[in-house]
Structure formats: C-alpha cells, structure tokens
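Comments concern the structure below.
Residue numbers (the numbering used here): 1 to 422.
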C-alpha cells in the first residue's frame, strides 16, 4: 500500500506539472488593440498614424537642410563621449582576463570590421537622431560559440506586429518581409509613446517650419538679387506730332526713338554717363536702400528649427545672450539630455558584451559606463568634486556612512576592473 500511495502521488504531481501555467496578463490594452484577432494583423503604425514614407523624408531633411544636418551632427558628437567596460565580478582571475580579451576582440569585429565599435556607434547615433530609433543584429559564428559580427539594421525598413508571444519585429524591403530573431535583434527607441514600440524622431516637428524657411530663403535670394543693384528709370517725353504726320507715322517714330534709347542704355559701361535732350529724364530707383527685413523673419523661423531639434542656440553658432553664464547654462542642460540618451546606449552595449561573455568558459559580469562631457568650467567642477569627496570622507570617519554607501554616492563600484574603449 505505501508503494501504491507513493506511485499515485508521483503520478498526480507529474500531471500537475504538465499543466501549462499562463503568465498573468495586463488589463490595459495597447493603442492598436483593435487589430487583435485578425489572422494576419497589419504592422503597428507609427505614432499619430505618421506614414512610413516620412522616414526617408527625415533622411532627406538631414542631408539637404543645413540647420537639420548641423543639429544631427552636433547631437552625435555630443553623445560620442567614449565608454568604459567594467568587470566587477567573475568566477576567477582567468575568467576576467578571458572576458576582457573577448570584449576587445568583439570591439574590432563589430560593423564588419569597419572601424569596429566606433563605426557601429556612429551609425547608431545617426539613426537615433534621424529616425528616433537605432537597431542592430547579433550574428553568431558557425559554431554558435561566439558573436561573429554586430551589424546595423536600417531602421526605416523595420516594422512591428503584435503576435501571441508579444511584439515581433520584421524587416520589409523589396516586397519581402523578413522575421527578425528576437534574441539577436536589438532595437533602441527614443521618446516612445505608451505601447507604441517605435521611436519618435525629433525631426517630426520640423517639416512645416523647414518649408517656411526654405521658401523665405528663396524669396530672399530673389529679392536681394533684384534689389542688390540700383536701377535707372528713364522717362522719355515724346515730341509733338508734326504737321501732316499721320497717327500711325507718329506712333512709329516714337517707338523708334524709344528703341534707339534702349539700345544705347543696354551697351552703357559702368564708367559712362548719359547725355540726352531735356525731354529724357533719368532717375535712380531705391538708391537709399541699405538693409532689408529678411534677417529678422529668417531668425524667427530658425529658432523654431533649433527648438524642434532639442538643441540650444549656442550649439548651432547662435548666442542671443551677452554673458558666459547664458551659454554655460545651455550646455549643462544639453549634457543632462546626453546622459539620458547614453543610458540607453549603455544598456545596448551591455547586452552585446554579456551575450558574448555568456558563451565563454567561466562566468563574469559586465557593466558599461558611458563617459560624460567635461564641464565648461573645469576648475570649478574639480573644486566642487573635491568638496563632495571630502564631505563623504568626513561622514565615513564619523561613522555616519559606511564604505559601500560612500562608493554608492560617488557612483563607483568596489574592486572594479575596467577596459577603456574609445
């Protein structure tokens, strides 16, 4: 009987373990929930139902409009601060050295060896500030024991679809739809809206302002060319009609005189003067014109473009303040935005490095720290940091803070071995 009871209990346990347990589901619904239940649902649309055709337009604006090109260029350089790879914990010293060697080798192989990780980051940042998203794919080696390459994915070809297992990414190109592998596809979206998986491009706010700006520049060019040179207004007072002269002959004579005067003026050199009878009057048009009002109008439109690109005027060569504090405050605000963007890039790099290290023999943790831009006033920043460290040391000496709390406030980790990357 005890044997039978044990067999029955094991059989019941086996049956219970075979029952599929569904994970808890959220009660809220995504914005495209109306598409659920369709056998093959369409791709999730961009925020605000923006047409996908706008994505190539963003690239055109970046390449063709000087202010937009400068904004993307500036954002990229501000965010490319370099980074450090830390290995805080590992199973052994050999595992630490092996992890550092693997990461260094992976940095060289990324982007198909074209400038390695630096080239890959340059492409990702360009995509991030153009389309509001960046993507790459992890390519495994034939043995599937290491990462062979990390290649960028063209964001404007990426579409998402909600399926049973969640949001699935696809690449649509040349009429073909390619299902992208979830475990090896990395997508970084900037300024996401709720449940919409796509990023939001900062250039979405600019087309209307750019249209006004380019039309204003075109009109300004035409008006400047037209008004750039003073004009001579020649007025010819015709003679009286002669006795016996018909009206047709009189009209023909007047037209001939005007044509003769026009020919003489067309061949007039810049150092020649006009000599006429008193029935020809010559006036100078707009000789008192010195300035035009286009600059103020263009400046107003230009400010809209700078704001839409989330930049400060000083970073695009415009500074409307007269003090150093004005420019410094703008740069500090931009650095806060750079830190927020680079935190997403930290997570992307950590996923790549942890994927590579997880395939090696031994165990090691990998953390990535993006460096920060130097402050404008380096001396003042050094003095503030010295004061902060001195205060924390004093609190530790008084027994108020322990060593781990001091390191945490300094944003440091103990026993940290780093691999610097540029």
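Backbone N, C-alpha and C define an ideal beta-carbon position, used for all residues, glycine too.
- [ ] Measure how close the beta-carbons of residue 170 and residue 46 come, nearest whole angstrom, since I'm counting them as under 8 Å.
- [x] Walking along the chain shown from the start, residue 170 turns up at place 170. Walking along the chain shown from the start, residue 46 turns up at place 46. Going by Cβ atoms, the distance from residue 170 to residue 46 rounds to 14 Å, so no, they are not a contact pair.
Open item on the list: Using C-beta distances below 7 Å, list every residue in its chain close to residue 155, excluding the 5 sequence neighbours before and after it, in chain order.
Closed with: The residue given as residue 155 occupies position 155 in the chain shown. Excluding residues within five positions, the ones whose Cβ falls inside 7 Å are 127, 131, 133, 134, 135.
Open item on the list: In chain order, what are the residue ranges of uninterrupted beta strand (DSSP E) at least 3 long that sit wholly in the region 102–151?
Closed with: 133–140
Task: Assigned exposure category for residue 308 - 16 Cβ within 10 Å defines buried - done: Residue 308 sits at position 308 when you count from the first residue of the chain shown. Under this definition residue 308 is a buried residue.
TODO: Can you tell me which of the three DSSP states residue 236 falls into?
DONE: Residue 236 sits at position 236 when you count from the first residue of the chain shown. In this structure, residue 236 counts as strand in the three-state DSSP scheme.
TODO: Kindly indicate the opening and closing residues of the alpha helix (DSSP H) around residue 360.
DONE: If you number the chain shown from 1, residue 360 lands on position 360. Segment: none, residue 360 is in no alpha helix (DSSP H) and carries neither H nor E.
Open item on the list: Please state the DSSP three-state secondary structure of residue 163.
Closed with: Position 163 of the chain shown holds residue 163. Three-state result, residue 163: strand.
Open item on the list: Given this structure, state the Cα-to-Cα distance separating residue 54 from residue 209, to the nearest angstrom.
Closed with: One-based indexing of the chain shown puts residue 54 at position 54. One-based indexing of the chain shown puts residue 209 at position 209. Near 16 Å, if we compare the C-alpha coordinates of residue 209 and residue 54.
TODO: Excluding the 5 residues preceding and the 5 following residue 57 in the sequence, name in chain order all residues of the same chain whose CB lies nearer than 8 Å to its CB.
DONE: On the chain shown, position 57 is the one that residue 57 refers to. 207.
Open item on the list: For residue 138, tell me which candidate among 118, 162, 112 has the shortest Cα-Cα distance.
Closed with: Within the chain shown, residue 138 is the residue found at index 138, counting from 1. Selected option, being the one with the closest Cα: 112.
TODO: Determine the DSSP secondary structure at residue 87, reduced to helix, strand or coil.
DONE: The residue given as residue 87 occupies position 87 in the chain shown. Here residue 87 sits in strand by DSSP.
Open item on the list: For the region 337–351 against the region 365–384, do three or more pairs of beta-carbon atoms, one drawn from each stretch, fall closer than 8 Å, so that the two count as touching?
Closed with: yes
- [ ] To the nearest angstrom, report how far apart residue 348 and residue 159 are at their CA atoms.
- [x] In the chain shown, residue 348 corresponds to position 348, counting from 1. In the chain shown, residue 159 corresponds to position 159, counting from 1. Computed Cα separation, rounded: 20 Å.
- [ ] Within 10 angstroms of the Cβ of residue 355, are there 16 or more other Cβ atoms? Answer buried if so, exposed if not.
- [x] By one-based count along the chain shown, residue 355 stands at place 355. Per the 10 Å Cβ criterion, buried.
Task: Paired residues, beta bridge with residue 188 - DSSP - done: Indexing the chain shown from 1 puts residue 188 at position 188. In DSSP, residue 188 forms a bridge with 134.
- [ ] Check whether the Cβ atoms of residue 343 and residue 86 sit closer than 8 Å, and answer yes or no.
- [x] Taking the first residue of the chain shown as position 1, residue 343 is located at position 343. Taking the first residue of the chain shown as position 1, residue 86 is located at position 86. No, Cβ-Cβ distance for residue 343 and residue 86 is not below 8 Å.
- [ ] Tell me where the alpha helix (DSSP H) around residue 77 begins and ends.
- [x] Position 77 of the chain shown, counting from 1, holds the residue named residue 77. Note, residue 77: alpha helix (DSSP H), 66–79.
Task: Beta carbon of residue 357 nearer than 8 Å to that of residue 140 - done: Taking the chain shown and counting its residues from 1, one reaches residue 357 at position 357. Taking the chain shown and counting its residues from 1, one reaches residue 140 at position 140. Against a cut-off of 8 Å, the Cβ pair of residue 140 and residue 357 comes out as no contact.
Open item on the list: Per the DSSP calculation, residue 96 is bridged to which residue(s)?
Closed with: The residue you call residue 96 lines up with position 96 of the chain shown. DSSP output for residue 96 lists no bridge partner at all.
Open item on the list: Are the CB atoms of residue 359 and residue 183 within a distance shorter than 8 Å?
Closed with: Translated into the one-based positions of the chain shown, residue 183 becomes position 183. Translated into the one-based positions of the chain shown, residue 359 becomes position 359. The criterion of a C-beta distance shorter than 8 Å is not satisfied by residue 183 and residue 359.
Task: DSSP three-state assignment for residue 198, whether helix, strand or coil - done: Taking the first residue of the chain shown as position 1, residue 198 is located at position 198. The answer is coil: DSSP assigns residue 198 none of H, G, I, E or B.
Task: residue 91 versus residue 365 - alpha carbon distance - done: Reading the chain shown from its first residue, position 91 is the one you call residue 91. Reading the chain shown from its first residue, position 365 is the one you call residue 365. Rounded to the nearest angstrom, the two C-alpha atoms are 9 Å apart.
Task: Three-state secondary structure (DSSP) of residue 157 - done: One-based indexing of the chain shown puts residue 157 at position 157. Residue 157 carries a helical assignment under DSSP once its states are collapsed to helix, strand and coil.
- [ ] Starting from residue 171, follow its DSSP beta bridges and name the residues at the other end.
- [x] Counting from one through the chain shown, the residue named residue 171 turns up at place 171. According to DSSP, residue 171 bridges with 158, 178.
Open item on the list: Please list the terminal residues of the continuous beta strand (DSSP E) segment that includes residue 275.
Closed with: Position 275 of the chain shown, counting from 1, holds the residue named residue 275. No beta strand (DSSP E) contains residue 275, which DSSP labels as neither H nor E.
TODO: Reducing DSSP to helix, strand and coil, say where residue 367 ends up.
DONE: In the chain shown, the residue the question calls residue 367 occupies position 367. Looking at residue 367 - three-state DSSP - the assignment turns out to be strand.
Open item on the list: Between the alpha carbons of residue 258 and residue 236, how many angstroms are there, rounded?
Closed with: Mapped onto the chain shown, residue 258 falls at position 258. Mapped onto the chain shown, residue 236 falls at position 236. Whole-angstrom Cα-Cα distance: 7 Å.
Open item on the list: Taking 8 Å as the threshold (C-beta atoms), are residue 76 and residue 122 in contact?
Closed with: Walking along the chain shown from the start, residue 122 turns up at place 122. Walking along the chain shown from the start, residue 76 turns up at place 76. Taking 8 Å as the Cβ cut-off, residue 122 and residue 76 qualify as a contacting pair.
- [ ] For the alpha helix (DSSP H) holding residue 252, just list the boundary residues, first then last.
- [x] Within the chain shown, the letter at position 252 stands for residue 252. First-last of the alpha helix (DSSP H) with residue 252: 247–266.
Task: Residues of its chain near residue 201, where Cβ-Cβ distance is below 7 Å and the 5 sequence neighbours each way are ignored - done: Here residue 201 corresponds to residue number 201 of the chain shown, with the count starting at 1. Taken in chain order, the residues that qualify are 58, 130, 131, 132.
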